[in-house]
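Colleague: Submitted below is the structure of interest, expressed as structure tokens.
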Amino acid sequence: MNKFKIKAFGITKDILGGKETIIEIKGKTVADLRFTLNERFPQLLGLRSLYIAVNSDYAEEGRILEDSDEIALIPPVSGG
71 MNKFKIKAFG ITKDILGGKE TIIEIKGKTV ADLRFTLNER FPQLLGLRSL YIAVNSDYAE
131 EGRILEDSDE IALIPPVSGG
């Protein structure tokens, strides 16, 4: 299992119960992380979109995560 610290913003902060959480996943990719997040926090599936940023860049699903990566959940942005 791999542990990652996740920063949450906007509605994801409410869903995760705070601005940061530690997530253990079986794999090391962004897709593995997304799968685990959706399993643990099914409310995330109800979001119109959810981007995962790694080191301040939007991450592709196949990206390999490193222990030192800064990971953030970017929820839909509203405004107008």
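Numbering (the working numbering) for the sequence shown: 71 to 150. Just so it is clear, CB atoms sit at the ideal spot from N, CA and C, and this is done for glycine as well. Being a predicted model, the structure only gives us computed values, none of them experimental.
Which residues in the same chain have their Cβ closer than 8 Å to the Cβ of residue 86, if we skip the five residues on either side of it in sequence?
Modeller: Taking the first residue of the sequence shown as 1, we reach residue 86 at position 16. 76, 78, 111, 143, listed in sequence order.
Colleague: Among the residues of its own chain, which have a CB less than 7 Å from the CB of residue 130, if the five just before and after it don't count?
Modeller: Residue 130 sits at position 60 when you count from the first residue of the sequence shown. Only 100 meet the Cβ criterion.
Colleague: Let's test the definition: count the other Cβ atoms within 10 Å of the Cβ of residue 146 and tell me whether it reaches 16, buried, or not, exposed.
Modeller: Within the sequence shown, numbered from 1, the residue matching residue 146 stands at position 76. Burial call: exposed.
Colleague: Could you name the residues of the same chain whose beta carbon sits closer than 8 Å to that of residue 139, not counting the 5 residues immediately before and after it, in chain order?
Modeller: Here residue 139 refers to the residue found at position 69 of the sequence shown. Excluding residues within five positions, the ones whose Cβ falls inside 8 Å are 74, 124, 125.
Colleague: Alpha carbon to alpha carbon, how far is residue 72 from residue 120? Give it in angstroms, no decimals.
Modeller: As a working mapping, residue 120 is identified with position 50 in the sequence shown. As a working mapping, residue 72 is identified with position 2 in the sequence shown. One alpha carbon belongs to residue 120, the other to residue 72, and they sit about 22 Å apart.
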